[in-house]
Amino acid sequence: MKRRLINKLTIAATLVLAAGMGQAQSDKPISLIVGYSAGGSADFVARVVGAELAKKLGRQVIIENVVGASGMLAVQKVLNSPADGNIIYMGGTDTVVVPMVNPKVKHDWDKDFTPLGRMTTVPMIFAVPANSKYNTLPELMAALRKSGNESFSYATPGIGTMQHFYGSLINTKGKVSMLHIPYRGGAQIANDLVGNQVESAVLVLSTAMPFLKDGKIKALSVSSDTARVPQLPNVKRIGEEEGFSGVALPLWQALFVKAGTPAATVAAYEKALMDAMAQPEVKTKLEESGITTSPLKGSDLKAFVRPQAELYKEIVTNAKITME
Numbered sequence: 068m069k070r071r072l073i074n075k076l077t078i079a080a081t082l083v084l085a086a087g088m089g090q091a092q093s094d095k096p097i098s099l100i101v102g103y104s105a106g107g108s109a110d111f112v113a114r115v116v117g118a119e120l121a122k123k124l125g126r127q128v129i130i131e132n133v134v135g136a137s138g139m140l141a142v143q144k145v146l147n148s149p150a151d152g153n154i155i156y157m158g159g160t161d162t163v164v165v166p167m168v169n170p171k172v173k174h175d176w177d178k179d180f181t182p183l184g185r186m187t188t189v190p191m192i193f194a195v196p197a198n199s200k201y202n203t204l205p206e207l208m209a210a211l212r213k214s215g216n217e218s219f220s221y222a223t224p225g226i227g228t229m230q231h232f233y234g235s236l237i238n239t240k241g242k243v244s245m246l247h248i249p250y251r252g253g254a255q256i257a258n259d260l261v262g263n264q265v266e267s268a269v270l271v272l273s274t275a276m277p278f279l280k281d282g283k284i285k286a287l288s289v290s291s292d293t294a295r296v297p298q299l300p301n302v303k304r305i306g307e308e309e310g311f312s313g314v315a316l317p318l319w320q321a322l323f324v325k326a327g328t329p330a331a332t333v334a335a336y337e338k339a340l341m342d343a344m345a346q347p348e349v350k351t352k353l354e355e356s357g358i359t360t361s362p363l364k365g366s367d368l369k370a371f372v373r374p375q376a377e378l379y380k381e382i383v384t385n386a387k388i389t390m391e
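Its first residue numbered 68, the sequence shown is counted upward by one per residue in the working numbering.
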């Protein structure tokens with residue numbers, strides 16, 4: 068009898084302790100790991116969404132910028148941490164692309180992470196100076212194929228960036244050989260494009276918008292997947308052009324946790340993220356900055372990324388893109 072009573076008391080004490088530990092963990096701040104510096108577009112998205120996520124979860128969400136190695140230092144921090152839900156990783160296109168172009172990077176987005184859901188897509192544009200004689204992408208492609216001109220240049224923030232991928236995609240599908248001019252980051256590219264120091268460039272829409280509004284550059288194509296961007300309703304998506312049918316290459320941003328995180332935690336975080344993205348003020352803040360809100364649940368995100376990953380691999384192979 069005494070043994071039964073002791074067993075019951077032991078079980079009860081264990082349950083109370085477990086409940087207390089669970090409560091303590093729920094009060095602990097969540098670190099939202101961002102692989103890029105404060106003040107950039109990724110950081111901006113993280114702060115807007117993170118603030119709303121904190122409200123939905125009832126927990127503080129702290130943005131932690133882990134900068135370096137094309138965002139891969141952030142990946143390593145997450146993968147070296149426990150799968151307990153106290154760390155959320157903001158990943159995106161680079162999470163999938165960098166291991167394809169850098170053999171030293173070994174993570175697998177599909178196996179090492181569990182997706183909570185997509186937040187945004189960021190359209191890229193292929194642009195020329197306002198005084199360029201080209202007004203559409205087919206017009207430019209036809210001229211380059213006719214002349215065989217391989218000195219026509221396009222600028223990007225660097226080798227292996229998605230902007231580089233977009234230019235390489237246009238080269239391959241358009242059957243042209245534009246010359247890639249890699250910059251060290253994108254800050255100067257728009258100014259050099261305006262000044263005719265480069266003949267074309269691939270820019271994210273948020274960077275390009277002030278120059279488009281002022282009529283200093285022209286957009287010839289947009290990388291979006293499902294619809295033309297509201298800010299540029301007269302500019303065709305790349306997939307609408309002949310020879311590019313169905314092709315899309317949007318930058319995208321999503322939240323993940325480390326694989327092995329408890330399913331209940333994943334489900335709670337996914338619901339909180341979808342609720343956060345449904346808030347009108349979140350959509351307004353992001354879209355005013357040229358960022359398209361395009362939420363997808365975790366399982367739907369995987370269905371979106373897998374064919375995109377195949378396209379990335381095709382581009383890497385065709386253009387022989389490598390970086391270390």
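We put the beta carbon where it would ideally sit given N, CA and C, even for glycine. As the structure is a prediction and not an experimental result, all values here were calculated from the model.
- Message: Taking the alpha carbon of V383 as the reference point, which residue from P166, S148, G138, R126 has its own alpha carbon closest?
- Response: P166
- Message: Let me make sure I understand the geometry here. Which of K303, V349, H231 has the alpha-carbon closest to that of N202?
- Response: K303
- Message: Could you compute how far the alpha carbon of A331 sits from the alpha carbon of P249?
- Response: 44 Å
- Message: Does M68 come out as helix, strand or coil in the three-state DSSP assignment?
- Response: Note that M68 scores 46 on pLDDT, short of 50, meaning its location in the model is unreliable and no value can be drawn from it.
- Task: To the nearest angstrom, report how far apart F323 and P300 are at their CA atoms.
- Result: 32 Å
- Query: On the premise that Q255 lies in contact with M276, defined as a C-beta separation below 8 Å, what is that separation, rounded to the nearest angstrom?
  - Reply: M276 to Q255, Cβ: 17 Å. No contact.
- If you draw a straight line from the alpha carbon of P96 to that of T351, how long is it in whole angstroms? 26 Å
- Message: Going by DSSP, what residue range makes up the alpha helix (DSSP H) through S220?
- Response: Unbroken run through S220 is the beta strand (DSSP E), 220-223; no alpha helix (DSSP H).
- Message: Less than 8 Å between the beta carbons of T162 and V112, yes or no?
- Response: no
- Message: Using the Cβ count rule (16 or more neighbours within 10 Å means buried), how would you classify T389?
- Response: exposed
- Query: For V238, does the count of other Cβ atoms within 10 angstroms reach 16, so buried, or fall short, so exposed?
  - Reply: The residue asked about is misnamed: residue 238 is Asn in this sequence, not Val. Classification of N238: buried, given that the 10 Å Cβ count is 16 or more.
- Task: Please go through the same chain and pick out, in chain order, the residues whose beta-carbon is closer than 8 Å to the beta-carbon of V269, but skip the five residues on each side of it.
- Result: M191, I192, F193, A194, Y221, A222, T223, Q230, H231, Y233, G234
- Check whether the Cβ atoms of K240 and F311 lie closer than 8 Å to each other. yes
- Distance CB(P205)-CB(E309) smaller than 8 Å: yes
- Message: In whole angstroms, give me the CA-to-CA distance for K364 and Q320.
- Response: 12 Å
- Query: Which partner residues does R304 have in the DSSP bridge list?
  - Reply: V289
- If we call anything under 8 Å between Cβ atoms a contact, is D94 one with Y103? no
- Message: Here's the rule: buried if 16 or more other CB atoms are within 10 angstroms of the residue's CB, otherwise exposed. What is E377?
- Response: exposed
- Message: Restricting to runs no shorter than 4 residues, where is the alpha helix (DSSP H) found entirely within the segment 241-296?
- Response: 256-261, 272-280
- Message: To the nearest angstrom, how far is the alpha carbon of G262 from that of F278?
- Response: 12 Å
- K123 and D342: beta carbons closer than 8 Å? yes
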